[in-house]
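**Q**
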Amino acid sequence: MSTTLETAPRATVFVDRLRVVLIAQVVLHHVALTYGSFPLWYYHEPTMRGPGLPAGSAWPLDLLLLLNQTYFMGLFFLLSACFVPASLERKGGARFLLDRLRRLGLPMLAGYFLIVPLAKIPKYLWLNEREPVPFGAFYLDELEMGPFWFLATLLAFTLAYAGFRALRGQAPPPVSSAPRARTIVGFGAVLAAAGVLWRIWEPIERVPVLEVAAPAYLPQYVCMFVAGLAVHRRGWLTALPASAAGWGFGTALAGALLLLPVIVVTMGATGEPPLLQHLAHGLFDGVFCTGMTVGLLSLFRHRFAGAPRTAFLTSNAFAVYVVHAPVLVAVSVALADLRVDPVAKFAVVSVVALPACWGLAHLLRKALPRRGTQS
Numbered sequence: 006m007s008t009t010l011e012t013a014p015r016a017t018v019f020v021d022r023l024r025v026v027l028i029a030q031v032v033l034h035h036v037a038l039t040y041g042s043f044p045l046w047y048y049h050e051p052t053m054r055g056p057g058l059p060a061g062s063a064w065p066l067d068l069l070l071l072l073n074q075t076y077f078m079g080l081f082f083l084l085s086a087c088f089v090p091a092s093l094e095r096k097g098g099a100r101f102l103l104d105r106l107r108r109l110g111l112p113m114l115a116g117y118f119l120i121v122p123l124a125k126i127p128k129y130l131w132l133n134e135r136e137p138v139p140f141g142a143f144y145l146d147e148l149e150m151g152p153f154w155f156l157a158t159l160l161a162f163t164l165a166y167a168g169f170r171a172l173r174g175q176a177p178p179p180v181s182s183a184p185r186a187r188t189i190v191g192f193g194a195v196l197a198a199a200g201v202l203w204r205i206w207e208p209i210e211r212v213p214v215l216e217v218a219a220p221a222y223l224p225q226y227v228c229m230f231v232a233g234l235a236v237h238r239r240g241w242l243t244a245l246p247a248s249a250a251g252w253g254f255g256t257a258l259a260g261a262l263l264l265l266p267v268i269v270v271t272m273g274a275t276g277e278p279p280l281l282q283h284l285a286h287g288l289f290d291g292v293f294c295t296g297m298t299v300g301l302l303s304l305f306r307h308r309f310a311g312a313p314r315t316a317f318l319t320s321n322a323f324a325v326y327v328v329h330a331p332v333l334v335a336v337s338v339a340l341a342d343l344r345v346d347p348v349a350k351f352a353v354v355s356v357v358a359l360p361a362c363w364g365l366a367h368l369l370r371k372a373l374p375r376r377g378t379q380s
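Plus 5 on top of the position in the sequence shown (first one is 1) and you've got the working numbering.
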């Protein structure tokens with residue numbers, strides 16, 4: 006199983022490794038949702054088994070969710086976009102479109118009709134104990150993209166780019182150059198401004214068809230995908246100096262220390278979110294996302310670009326994204342009787358779920374017929 010989310014040329018093996026970390030982060034994000042304060046996952050233990058759970062604060066998990074959401078899916082879009090132009094040029098329009106539909110569309114449909122419903126079985130059993138409901142009615146009512154919103158949105162962005170190239174003709178040849186600091190700062194400012202305006206305006210609460218999990222971050226996802234196209238054209242993926250890691254992470258940390266307290270305090274306000282919260286949240290999104298993106302790209306480029314010894318992890322990473330939801334729910338249900346505080350439960354389930362996800366992904370990839378691996 007292969008897609009732009011999974012493979013990259015060997016010259017950029019560090020991108021494969023960064024994707025492994027990000028996909029593991031997706032799994033951990035959903036583990037945090039399982040035991041955190043927000044009932045946004047298929048199995049939310051405080052809701053479904055709340056009485057009798059040991060006392061413990063879930064605020065570290067909520068903080069992890071906020072920090073993750075601010076940058077990690079946007080970085081996925083940037084990395085995926087980096088390899089779209091070369092693939093389109095190599096394959097041509099018709100073959101490229103068919104390939105994207107197969108690589109992204111088929112897993113998306115499997116997720117929508119099979120994988121997400123499997124992950125919702127414990128929810129069905131829990132609801133059925135309170136008020137019997139036919140499974141068929143539950144199945145139809147609960148159909149949704151779930152984690153596969155990313156594949157749907159990436160497919161939409163990719164098709165839009167292919168259409169743009171069809172209208173504008175062949176892309177200009179790549180120009181190799183190092184990114185300037187003012188370019189990075191300017192991009193962060195664009196992200197921040199887009200985030201602030203989108204939160205104030207709030208044009209939509211839900212993205213039809215694509216079902217983007219966090220619509221407030223849709224401008225970021227668009228900007229990061231476009232940035233990935235620019236990164237490809239300018240050769241910036243491998244051009245960041247080693248010192249950029251420190252600057253990037255330092256910027257992200259400074260943004261968190263300065264702006265997170267404002268966000269937390271204003272979140273306690275009643276009624277409509279105040280303007281200060283929109284400003285702080287949008288600015289934090291731009292600063293933290295830009296800093297983490299620059300920091301991680303530089304760190305992995307200079308520290309994790311050696312001879313590949315992570316083939317098992319990288320080759321199965323995309324399949325982990327596809328199968329992780331029911332695996333995680335199964336592990337969580339199996340460990341439901343373990344009575345520890347939420348953070349400890351998060352740690353235990355993470356240690357079990359991550360190897361289980363990679364193991365099942367490996368078995369499925371061996372069992373399913375394989376096609377070519379070029380992106």
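By construction, the Cβ of each residue, glycine as well, lies at the ideal position given by its N, Cα and C atoms. If you're wondering where the values come from, they're calculated on a predicted model, not measured in any experiment.
Please list the terminal residues of the continuous alpha helix (DSSP H) segment that includes asparagine 73.
**A** Element bounds for asparagine 73: 64 to 87.
**Q** Do alanine 167 and leucine 102 have their beta-carbon atoms positioned less than 8 Å apart in this structure?
**A** Against a cut-off of 8 Å, the Cβ pair of alanine 167 and leucine 102 comes out as a contact.
**Q** Is it true that the CB of tryptophan 241 sits closer than 8 Å to the CB of proline 184?
**A** Yes. Within cutoff.
**Q** Roughly how many angstroms lie between the CA atoms of valine 227 and leucine 66, to the nearest whole one?
**A** Each residue's alpha carbon lies about 27 Å from the other.
**Q** Which of helix, strand or coil does DSSP assign to threonine 298?
**A** It is helical.
**Q** Touching or not, the segment 295 to 312 and the segment 238 to 257, by the rule of three or more beta carbon pairs under 8 Å?
**A** Verdict: yes, contact present.
**Q** Starting from the C-beta of methionine 229, find all residues in its chain whose C-beta is less than 6 Å away, skip the five residues before and the five after it, and write them out in chain order.
**A** Answer for methionine 229: Gly79, Phe82 and Leu83, listed in chain order.
**Q** For the alpha helix (DSSP H) that contains lysine 371, what are its first and last residues?
**A** 347 to 372 is the span of the alpha helix (DSSP H), which, as asked, contains lysine 371.
**Q** Quick one: grab the DSSP three-state call for glycine 116.
**A** In the structure shown, glycine 116 sits in a helix (DSSP, three-state: H, G or I).
**Q** If we call anything under 8 Å between Cβ atoms a contact, is leucine 333 one with histidine 35?
**A** Contact flag set, yes.
**Q** Looking only at its chain, what residues have a beta carbon closer than 7 Å to the beta carbon of leucine 114, apart from the 5 residues adjacent to it on each side?
**A** If we look at leucine 114 and ignore the five residues flanking it on each side, it has no Cβ neighbours.
**Q** Kindly indicate which three-state DSSP category alanine 54 falls into: helix, strand or coil?
**A** Rather than alanine, the amino acid found at residue 54 in this sequence is arginine. Three-state DSSP puts arginine 54 in coil, outside helix and strand.
**Q** Can you look up valine 334 in the DSSP assignment and give me helix, strand or coil?
**A** Correct three-state label for valine 334: helix.
**Q** With a cut-off of 8 Å on the beta carbons, I'd call leucine 70 and leucine 38 a contact; round off their distance for me.
**A** Confirmed, Cβ separation roughly 7 Å.
**Q** Taking the CB atoms as reference points, tell me whether leucine 223 and valine 25 lie closer together than 8 Å.
**A** Going by C-beta atoms, leucine 223 is not nearer than 8 Å to valine 25.
**Q** Would you check if there are 3 or more beta carbon pairs closer than 8 Å linking the segment 179 to 199 to the segment 293 to 300?
**A** Segments in contact, yes.
**Q** Using a Cβ-Cβ cutoff of less than 6 Å, which residues in the same chain neighbour valine 236 once the five nearest sequence positions on both sides are dropped?
**A** Result list for valine 236: Cys87 and Leu242, in chain order.
**Q** Which parts of the segment 168 to 224 are runs of the alpha helix (DSSP H), unbroken and 4 residues or longer, counting only runs that do not cross its ends?
**A** The qualifying runs are 186 to 206.
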